[in-house]
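Engineer: Using my numbering, the final residue of the sequence shown is 381, and nothing's skipped along the way. Ideal placement from N, C-alpha and C gives every residue a C-beta, glycine not left out. Please read these numbers as outputs of a predicted model, since none were measured by experiment. Sharing a structure here in structure tokens format.
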Amino acid sequence: MFLVIGVDAMSWDVVMENLERLKNIAKLVNMGNAREIMLEEKPISASIWCGMFCGLLPDEHKHYSYVRDGEIVRREDIDVRFIWDILHEEGKKVYAVNVPFVVPPFSFGTDFKPVGFGLPTDEREWEEELERVTAKTKELISGKPDLLITVFTLLDRVQHFHWGEPCVIEWYMRVDEKIGEIVFETGFLSDYEQDEHDEHGDDRLILISDHGFCSFENARVRTLTAREGIKGDHSDRAMVVTVNVPYDIKRPQDVFFAIRKVIGRD
Ligand SMILES: [Zn+2]
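Okay, here's the thing in structure tokens:
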């Protein structure tokens with residue numbers, strides 16, 4: 116199985132500075148390869164998640180934001196074939212859960228009801244998203260699909276509202292806990308550090324974010340207008356951790372090619 120866990124707005128610098136508190140991510144970093152993705156394109160969630168799963172640059176897929184000319188952009192408005200479209204057509208068992216390239220986030224092959232229209236805004240909704248995405252992901256893992264893509268969106272909202280506060284790292288820890296449930300408690304990857312003799316067979320993992328975060332003042336691109344209560348905004352410092360993936364992921368689009376290299380075309 117190929118599992119992609121997306122965490123919107125998981126920032127390379129925050130993770131690296133707090134790695135000893137993020138036990139499961141730390142374990143994955145030790146087992147596989149971790150790197151910072153310094154974005155060349157603008158750190159816009161809609162555009163990056165789209166490119167990650169269709170393999171195209173923003174100028175090619177032309178999906179720049181959730182809203183265009185005052186209308187919410189729908190899946191049908193984006194003229195691309197995503198990795199799930201291609202693999203499904205080839206007869207593979209593929210699921211996508213809560214992928215936020217549109218609002219509400221998009222799911223494929225399964226019914227999933229996004230929390231708060233995909234923009235969970237308070238503690239109760241953040242909790243609910245953690246639980247609901249984790250439960251759905253575990254359920255789908257048990258059916259052993261060829262590819263499962265699943266995304267947590269809450270850290271984006273947490274950091275917009277709370278950047279610089281101690282609770283930010285607490286929410287990272289909550290996400291880390293859920294990553295552990297999904298990756299280790301299900302038995303998807305075995306819970307020990309990889310050495311030369313350890314083989315994961317066909318089980319492959321990508322853990323990736325679309326962008327990082329920084330203070331609102333330091334943001335190169337403002338994704339929200341300045342108003343009271345907005346403390347953080349998107350940074351260029353995204354990240355990726357891979358386990359047993361024979362492809363070097365240097366930019367978001369490489370996720371598409373990494374999956375394509377491993378599944379299908381046989
Ligand atoms: Zn984002």
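Specify which residues have a beta carbon nearer than 6 angstroms to any heavy atom of ligand 1, listing them in chain order.
Structural biologist: Going by the Cβ distance cut-off, the answer is 123, 124, 160, 271, 325, 326.
Engineer: For residue 355, which of 370, 336, 225, 117 has the nearest alpha-carbon?
Structural biologist: Among 370, 336, 225, 117, the Cα nearest to that of residue 355 is on 370.
Engineer: Using C-beta distances below 6 angstroms, list every residue in its chain close to residue 126, excluding the 5 sequence neighbours before and after it, in chain order.
Structural biologist: Excluding sequence neighbours, residue 126 sits near 327, 328, 352.
Engineer: What did DSSP end up calling residue 237 once you bin it into helix, strand or coil?
Structural biologist: Residue 237 falls in the coil class under three-state DSSP.
Engineer: My output table needs one value for residue 275: the three-state DSSP class, helix, strand or coil.
Structural biologist: Here residue 275 sits in helix by DSSP.
Engineer: How far does the alpha helix (DSSP H) with residue 341 in it extend, from its first residue to its last?
Structural biologist: Note, residue 341: premise wrong, no alpha helix (DSSP H); not H, not E.
Engineer: Whole angstroms is fine: what's the gap from residue 266's alpha carbon to residue 287's?
Structural biologist: Approximately 14 angstroms between the Cα atoms of the pair.
Engineer: May I ask you to verify whether the segment 316-324 touches the segment 139-157, counting CB pairs closer than 8 angstroms and requiring at least 3?
Structural biologist: The segment 316-324 vs the segment 139-157: in contact.
Engineer: Spatial neighbours of residue 284 within its chain, please: CB distance less than 6 angstroms, with the 5 preceding and 5 following residues excluded, ordered by chain position.
Structural biologist: Taken in chain order, the residues that qualify are 133.
Engineer: Of all the alpha helix (DSSP H) runs that stay within the bounds of the segment 128-155, which reach a length of 4 or more residues?
Structural biologist: You should have 138-146.
Engineer: At a cut of 8 angstroms, does the segment 198-206 reach the segment 252-267 through at least three beta carbon pairs?
Structural biologist: The segment 198-206 is in contact with the segment 252-267.
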